[in-house]
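Engineer: Be aware that the sequence shown starts at 4, since it is given in my numbering, and climbs by one per residue.
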Amino acid sequence: MTVNKYNLEGHVALITGGGSGIGRAIAKAFLDNGALVVLVGRREEALKETVIDYSPESYLILSGDISKPETARYIVEKSLSHFKRLDAVISDAAAFVAGDIVDLREEEWEHIRSTNIDGFFFLAKASYYALKESKGNLIAVSSVSGSYGDWKQSAYNASKHAVNGFVKSLALD
Numbered sequence: 004m005t006v007n008k009y010n011l012e013g014h015v016a017l018i019t020g021g022g023s024g025i026g027r028a029i030a031k032a033f034l035d036n037g038a039l040v041v042l043v044g045r046r047e048e049a050l051k052e053t054v055i056d057y058s059p060e061s062y063l064i065l066s067g068d069i070s071k072p073e074t075a076r077y078i079v080e081k082s083l084s085h086f087k088r089l090d091a092v093i094s095d096a097a098a099f100v101a102g103d104i105v106d107l108r109e110e111e112w113e114h115i116r117s118t119n120i121d122g123f124f125f126l127a128k129a130s131y132y133a134l135k136e137s138k139g140n141l142i143a144v145s146s147v148s149g150s151y152g153d154w155k156q157s158a159y160n161a162s163k164h165a166v167n168g169f170v171k172s173l174a175l176d
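(1) Quick check: the segment 81–90 against the segment 146–159, are at least 3 beta-carbon pairs closer than 8 Å?
(2) Roughly how many whole angstroms lie between the Cα atoms of I93 and V144?
(3) To the nearest angstrom, how far is the alpha carbon of V166 from that of E60?
(4) Whole angstroms is fine: what's the gap from G152's alpha carbon to L175's?
(5) Relative to the C-alpha of L34, which candidate in S130, I55, E47, R46 has its C-alpha closest?
(6) Quick one: residues in its chain with C-beta nearer than 7 Å to the C-beta of D68, no 5 flanking neighbours on either side, listed in chain order?
(7) Can you list, in chain order, the residues of its chain whose CB lies under 7 Å from that of S23, leaving out five sequence neighbours each side?
(8) Counting C-beta neighbours from all protein chains within 10 Å, is the total for Y9 16 or more, i.e. buried, or is it exposed?
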C-alpha cells in the first residue's frame, strides 16, 4: 500500500535511469503521488518492470542513450508532445566502473564521462525552455563521491565532482 504525501496530480516528471535503483524509486514515488512520468533508460524491459503496477496512462517509456545529444532532444520533444508540459527533469542515469587508473580502459572512461556528465548537460540544455515555461525544476542525482575521493573510483568520482560543480553554476545562471 502506498501513502500519498504530496499531491502531484497534473505534474509531469521526466526521469532518466528509471529502470533500477534510485531512479526506479524516484519514478514510483512520483507515480504514487499522482504525477505523470516519462521514464528513460537504456533497457526497455527494466523500465517496464518499474511501471508494472501503474496505469499505462500515467507514464511514457522512452528507451535510449542519454549520453547522445539527439536522444536528449528526442525525449524532451516526445515528452512534451505526449504530456504537453514538463515540471521536473530528474537526471539519475549513471555509469560506474571501479579500478585503478592504470587499469581503466579509455572506453570505460568515455562511458562514465559521457553518461554521467554529458548526459546531464544534454538533458539540461534540451529541457531548459520547457522547465522555464512551467517554472519547473532540473534535478541532478549525484553522490557523496562528488565531494571527496574513494579508492579505485577516480573516474566515477571525477564525473560526480563535475556534476556537482555544473549544478552550482547552473543555479547561478
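Glycine is no exception: its CB is placed at the ideal position from the N, C-alpha and C atoms.
Structural biologist: Let me spell this out:
(1) no
(2) Roughly 7 Å between the two C-alpha positions.
(3) Separation of V166 and E60 (C-alpha to C-alpha, rounded to the nearest whole angstrom) is 33 Å.
(4) 26 Å
(5) I55
(6) Correct list, in chain order: R45, T74.
(7) A49
(8) exposed
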